[in-house]
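Residue numbers (the numbering used here): 152 to 547.
Below: one structure, written as structure tokens.
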Amino acid sequence: MQKILLVANTGWYLYNFRLPLARFLRARGDVEVVLVSPRDAYVPRLTAEGFRWIELTLDRKSVNPLRELLVVARLAAIYKAERPDAVHHFTAKCVLYGTLAAKLTCVRAVVNALTGLGHVFMGSGWKARTLRPIVKMLYRRLLTARRVRVVFQNPDDLRTFTDQKLVVPDRTILIRGSGVNLKRFRPRPGNRDDAPCPVVLFAARLNGDKGIHEFVEAARTLKSSGGVGAVFQVAGAPDTGNPSSVSAAQMDDWRREGAVDLLGHVDTMDDLIAQAAVVVLPTHGGEGVPRVLLEAAAMGKPIVATDVPGCREAVLPSENGFLVPPKDARALAACVERLLCDADLRARMGAAGRRLMEQHFDDQDVARRTAAIYETMGALAPAEFASAKNARAKAA
Numbered sequence: 152m153q154k155i156l157l158v159a160n161t162g163w164y165l166y167n168f169r170l171p172l173a174r175f176l177r178a179r180g181d182v183e184v185v186l187v188s189p190r191d192a193y194v195p196r197l198t199a200e201g202f203r204w205i206e207l208t209l210d211r212k213s214v215n216p217l218r219e220l221l222v223v224a225r226l227a228a229i230y231k232a233e234r235p236d237a238v239h240h241f242t243a244k245c246v247l248y249g250t251l252a253a254k255l256t257c258v259r260a261v262v263n264a265l266t267g268l269g270h271v272f273m274g275s276g277w278k279a280r281t282l283r284p285i286v287k288m289l290y291r292r293l294l295t296a297r298r299v300r301v302v303f304q305n306p307d308d309l310r311t312f313t314d315q316k317l318v319v320p321d322r323t324i325l326i327r328g329s330g331v332n333l334k335r336f337r338p339r340p341g342n343r344d345d346a347p348c349p350v351v352l353f354a355a356r357l358n359g360d361k362g363i364h365e366f367v368e369a370a371r372t373l374k375s376s377g378g379v380g381a382v383f384q385v386a387g388a389p390d391t392g393n394p395s396s397v398s399a400a401q402m403d404d405w406r407r408e409g410a411v412d413l414l415g416h417v418d419t420m421d422d423l424i425a426q427a428a429v430v431v432l433p434t435h436g437g438e439g440v441p442r443v444l445l446e447a448a449a450m451g452k453p454i455v456a457t458d459v460p461g462c463r464e465a466v467l468p469s470e471n472g473f474l475v476p477p478k479d480a481r482a483l484a485a486c487v488e489r490l491l492c493d494a495d496l497r498a499r500m501g502a503a504g505r506r507l508m509e510q511h512f513d514d515q516d517v518a519r520r521t522a523a524i525y526e527t528m529g530a531l532a533p534a535e536f537a538s539a540k541n542a543r544a545k546a547a
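Here it is, written out as structure tokens:
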């Protein structure tokens, strides 16, 4: 039996974005999937699924050289003990440190998923500016190795890395997003969006770079104009590991003002999206393909997002939603207002979004394409061999 390690900076990420891949690989019957992440509230959910989990101590905000070297050493120890056929890294620190650890321990197949450029590439603060040349140098050294394949979620990020010679073009793969569960996230005819007070939903971590401030400003504009009656919901919690995280004081101010309803973290996103008339994500960029846009489109909801890499993959302008300039609350408000005032437009865009998800964003297709990467690298037997083996085992 072959072994593949999936490595991320949170259990939350593995559970919410890579559980379909882990299940898909396990179902083949010829591979053991081991999950590696720091301990958090989602780890029990991963182990309840029957997967073996290994703890990784990692501070997402740390830039302490000694502490970071200890992360590399811990990963190297895990890889040496586990002797995996392949390791698959997600998120920037895991990509960098995991690839170095894999090199030190001679792991033969390394797959790195770059799910967006991230804060170091996109940030304007002193820390981002200081780290950017160092991170680029490390990417250039580590991602160009023969045993490494790099997966991008959108063509803009792939082009950026290729132009800066941080990757080797014929060792890169484009897989748009992590996919969406089309059975769970599907239109629900019983939940109509024509209630007297329709819902406009923002669902993301409460970071400035997700566009939460622009969403609040758009809500203020539309409520003060009196032209539309709507409830503006915010589902999500601050991400303390991100420098642009919203403060508790800011959230208290928003609660007192009442322009938006702060729901906090919500697990049942399908139930929440089902009640929305419009789903909005005015992100500033730096991410792969935002999952909430895929989920909303899969449920037949029109979406409004910013014209940045990643969002362009999920939104076909004027077909299943609108793209607006980043950091432009006025344009955001105008597009939301247009959708709230036209139920037929919402229905047409929602139907187009569902078709787009069915054609290109099924999470099972993403899992199959990812497994094919392992196969081409020799870390996994071809799928037909696994199927034949399972058939023989059942017959016996």
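We put the beta carbon where it would ideally sit given N, CA and C, even for glycine.
Since the structure is predicted, the reported quantities are computational estimates derived from the model, not experimental observations.
Nearest candidate by alpha-carbon position, reference residue i, set the options
| i | options | result |
| --- | --- | --- |
| Pro195 | Glu219, Trp163, Leu209, Tyr248 | Trp163 |
| Ile524 | Gln426, Thr208, Thr323 | Thr323 |
| Phe579 | Val302, Leu293, Gly451, Val350 | No answer is possible for residue 579: it lies beyond the span of the chain, which begins at 152 and ends at 547. |
| Cys245 | Phe383, Ala159, Thr295, Asp236 | Ala159 |
| Val350 | Val397, Leu414, Val466 | Leu414 |
| Leu197 | Val397, Arg298, Phe168 | Phe168 |
| Glu408 | Ala370, Asp458, Tyr248 | Ala370 |
| Cys492 | Arg481, Gly461, Glu526, Ala381 | Ala381 |
| Ala534 | Asp181, Ala465, Leu156, Gly201 | Asp181 |
| Val440 | Leu490, Lys361, Lys154 | Lys361 |
| Tyr193 | Lys212, Leu165, Thr208, Thr391 | Leu165 |
| Ser329 | Phe512, Arg177, Leu531, Ala482 | Phe512 |
| Glu488 | Arg463, Ser396, Val397, Ser376 | Ser376 |
| Pro477 | Pro468, Ala494, Asp458, Val466 | Asp458 |
| Arg300 | Met288, Arg339, Val258 | Val258 |
| Cys348 | Glu365, Leu444, Lys374, Leu156 | Lys374 |
| Ala482 | Arg497, Ala503, Ala456, Asp495 | Ala456 |
| Leu467 | Trp204, Leu507, Arg310, Pro235 | Leu507 |
| Arg551 | Pro306, Arg280, Asp479 | What is shown of the chain runs 152 to 547, which leaves residue 551 out entirely. |
Cross-strand partners of residue i (DSSP beta bridge)
| i | result |
| --- | --- |
| Glu206 | Ser188 |
| Glu183 | Lys154 |
| Thr457 | Val475 |
| Asp513 | Val331 |
C-beta atoms of residue i and residue j nearer than 8 Å
| i | j | result |
| --- | --- | --- |
| Pro453 | Val429 | yes |
| Gly472 | Met500 | yes |
| Ala173 | Val187 | no |
| Pro189 | Asp308 | no |
| Phe202 | Gln515 | no |
| Leu352 | Gln384 | yes |
| Leu251 | Leu293 | yes |
| Leu333 | Glu509 | yes |
| Asp210 | Thr161 | no |
| Ile363 | Val397 | yes |
| Ala448 | Gly392 | no |
| Tyr248 | Val223 | yes |
| Glu200 | Leu170 | yes |
| Val331 | Leu490 | no |
| Ala386 | Val417 | yes |
> Does the segment 387 to 406 come within contact of the segment 351 to 361, defined as at least 3 CB pairs closer than 8 Å?
Replying inline: With three or more CB-CB distances shorter than 8 Å, the segment 387 to 406 counts as touching the segment 351 to 361.
> Taking the runs of the beta strand (DSSP E) that are 3 residues or longer, which of them lie wholly in the segment 293 to 357?
Replying inline: Secondary structure within the segment 293 to 357: the beta strand (DSSP E) runs of 3 or more consecutive residues, fully enclosed, are 299 to 303, 323 to 325, 350 to 354 (chain order).
> Which runs of the beta strand (DSSP E), 3 residues or longer, sit entirely within the segment 359 to 444?
Replying inline: Listed in chain order, they are 382 to 386, 412 to 415, 429 to 432.
>> List, from N- to C-terminal side, the alpha helix (DSSP H) runs of 4 residues or more that fit wholly inside the segment 219 to 290.
In response: Note on the segment 219 to 290: whole alpha helix (DSSP H) runs with a minimum of 4 residues are 243 to 255, 269 to 273, in chain order.
> How do the segment 311 to 325 and the segment 436 to 456 stand: do at least 3 beta-carbon pairs fall below 8 Å, yes or no?
Replying inline: Three or more beta-carbon pairs separated by less than 8 Å are not found between the segment 311 to 325 and the segment 436 to 456, which leaves the two stretches without contact.
>> Threshold first: 4 residues or longer. Then list the alpha helix (DSSP H) segments lying entirely within the segment 459 to 499, N to C.
In response: Counting only runs of 4 or more residues that sit fully inside the segment 459 to 499, the alpha helix (DSSP H) segments are 462 to 465, 480 to 491, in chain order.
> Okay, do the segment 258 to 265 and the segment 236 to 243 touch, 3+ Cβ pairs below 8 Å being the bar?
Replying inline: Touching, yes, given that three or more Cβ pairs across the two stretches are closer than 8 Å.
>> Would the segment 223 to 231 count as touching the segment 512 to 522 if we require 3 or more Cβ pairs under 8 Å?
In response: These segments do not touch.
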